[in-house]
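Protein chains: 2
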Amino acid sequence: MNALGYALLGMLMRKPCSGYELTQLLEVFWQAKHSQVYPLLTKLEQDGLVTFVHVEQTGKPDKKIYSITDEGQTLLTQWVTKPSAPPVIRDEFLAKVYAIGLTDTNTAKRLFRERIFSFEEKVAFRKEEISQMQEEYGSELEQITCRHFGRYLLFQRKLKLEEEEIAWCHWVLGLLDNTKINATAKK
Amino acid sequence: MNALGYALLGMLMRKPCSGYELTQLLEVFWQAKHSQVYPLLTKLEQDGLVTFVHVEQTGKPDKKIYSITDEGQTLLTQWVTKPSAPPVIRDEFLAKVYAIGLTDTNTAKRLFRERIFSFEEKVAFRKEEISQMQEEYGSELEQITCRHFGRYLLFQRKLKLEEEEIAWCHWVLGLLDNTKINATAKK
DNA sequence: ACAACCATGTAACGCGTTACATGATTGC
DNA sequence: GCAATCATGTAACGCGTTACATGGTTGT
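Note that the protein sequences, when read in sequence, are chains Y and X.
Be aware that the first sequence starts at 1, since it is given in UniProt numbering, and climbs by one per residue.
Be aware that the second sequence starts at 1, since it is given in UniProt numbering, and climbs by one per residue.
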């Protein structure tokens, strides 16, 4: 089985979820579209690692709520302690930074300011998620015994990294300013 | 054309490179194997965006050194200012953290200590890369006019994020210790 | 001896995205 | 009226990995 399969099992340890919900919750540490998640869940179900119940809703479409089975838990537990594949990062913006010399200073600044803006949105969103969790579960959240501990750790991590990204952008903007001052000074 | 194609063009702006070298240099912001890079370079060459010269070597296999063409530069320049696709991150370790509650505290600690170790190696390597660059190019490196400016920015960014990852792991280890203390205190 | 590095390439397969398909409800 | 949210699914395609193939040199 592949990493995404295990990731879904792991998320179902926290609480039973629909495929729709899993697709969204995935965002903190993986990216996958529903078109990948739904067929995988069907496969996990066929393999006896998860089960689902139909839930009828009014005013919303019906949904399938998936739960992890004992068999699924056994497999997942084995997987958790195995060595992990190195993280994969693919960031188009960074590819553009590589070639930033092609643009003028002002355009470069604009690009970094836009990056800051998009990450500030993420940070605000992340902080909300964290404080919501803290309100709901309190200090219990910081114990490994809490069902939401893992997710909480990932939120804190994401927040830190997003803030660091912003700090880096500001540092770059500083460099871009210096360049301009020196150029002006030389005149 | 896809993002990797542009990424390769961007790297060739800095200096002409072989496919082998490009595959390695890619590591700061993208991941791709040589089996993907070589055919893409062939395609870029057919499209007139890069050219190459055969370089015979003694004691080493011959290589092809690729350079970006004017046409390639035009295309790349257009691309740089376009909005970027959101970054993609897929990290198996983080998927495991989600389900960390399945393991005992000691195993969890071991996993985080291993993560710290692997990131400390990365940090050490990154610092070397940065100081090598600084020795070679000096303060010129911090100007947008420097050919290596973009790459330098990416190195600094990676270093920061890798250090932040380590700090997060230490924070988690602290939480795991607290849990243990409370459990002991309760006895 | 054996692994690692340099260097390029192809083929098969699996993972992931885009697009197509449906349909009710809520907010602007 | 139009977009967004909720909810699930399939099909086609493109991106990315694994494995196969070759072969000399350097270091342990």
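Idealized CB from N, CA, C, for every residue including glycine.
In this text, all values refer to a predicted model and were calculated from it rather than measured experimentally.
Legend entry - Helix, strand or coil at Y/I144 [DSSP, three-state]: coil
Inset, instruction - Please confirm if Y/Y98 has its CB atom under 8 Å from at least one CB of chain X. - result: yes
Inset, instruction - Quick one: grab the DSSP three-state call for Y/S67. - result: Looking at Y/S67 - three-state DSSP - the assignment turns out to be strand.
Legend entry - Separation of X/I130 from Y/N178, as counted between CA atoms: 20 Å
Legend entry - Exposed unless 16 or more other CB atoms sit within 10 angstroms - verdict on Y/V55: When all chains shown are included, Y/V55 counts as exposed.
Legend entry - Bounding residues of the beta strand (DSSP E) (the contiguous stretch that carries Y/V53): V50 to V55
Inset, instruction - Take X/V28 and list the residues in its own chain whose beta-carbon comes closer than 6 Å to its own, dropping the five residues that flank it on each side. - result: Once the five neighbours on either side are set aside, the close Cβ partners of X/V28 are L154 and K158.
Legend entry - Inter-stretch contact at 8 Å, needing at least 3 Cβ pairs: the stretch 89-107 of chain Y / the stretch 76-90 of chain X: The stretch 89-107 of chain Y is in contact with the stretch 76-90 of chain X.
Legend entry - Three CB pairs or more closer than 8 Å across the stretch 100-113 of chain X and the stretch 106-118 of chain Y: Note that the stretch 100-113 of chain X does not touch the stretch 106-118 of chain Y; fewer than 3 beta-carbon pairs, one per stretch, sit closer than 8 Å.
Inset, instruction - Quick one: which unbroken alpha helix (DSSP H) runs of 4-plus residues sit fully inside the UniProt domain "Transcription regulator PadR C-terminal" (89-177) of chain Y? Chain order, please. - result: 92-98 and 105-137
Legend entry - Cβ contact (3+ pairs, closer than 8 Å) linking the stretch 25-39 of chain X and the stretch 132-147 of chain Y: no
Legend entry - Proximity test, Cβ basis, 8 Å: Y/K61 and chain X: Residue 61 of chain Y is actually Pro in this sequence, not Lys. Output row for Y/P61: interface = no.
Inset, instruction - At 8 Å on the CB atoms, spell out the chain Y contacts of X/E129, in chain order. - result: Neighbours of X/E129 on chain Y: none; closest Cβ ~15 Å, over 8 Å.
Inset, instruction - Verify whether the separation of the beta carbon atoms of X/S35 and X/I65 is less than 8 Å. - result: no
Inset, instruction - For Y/F149, go through chain X and note every residue whose CB falls closer than 7 Å to its CB, in chain order. - result: I100 and G101
Legend entry - Y/G138 versus Y/L49 - alpha carbon distance: 32 Å
Legend entry - Among Y/L176, Y/G150 and Y/E165, the one whose alpha carbon lies nearest that of X/L173: Taking only the C-alpha atoms, the option nearest X/L173 is Y/G150.
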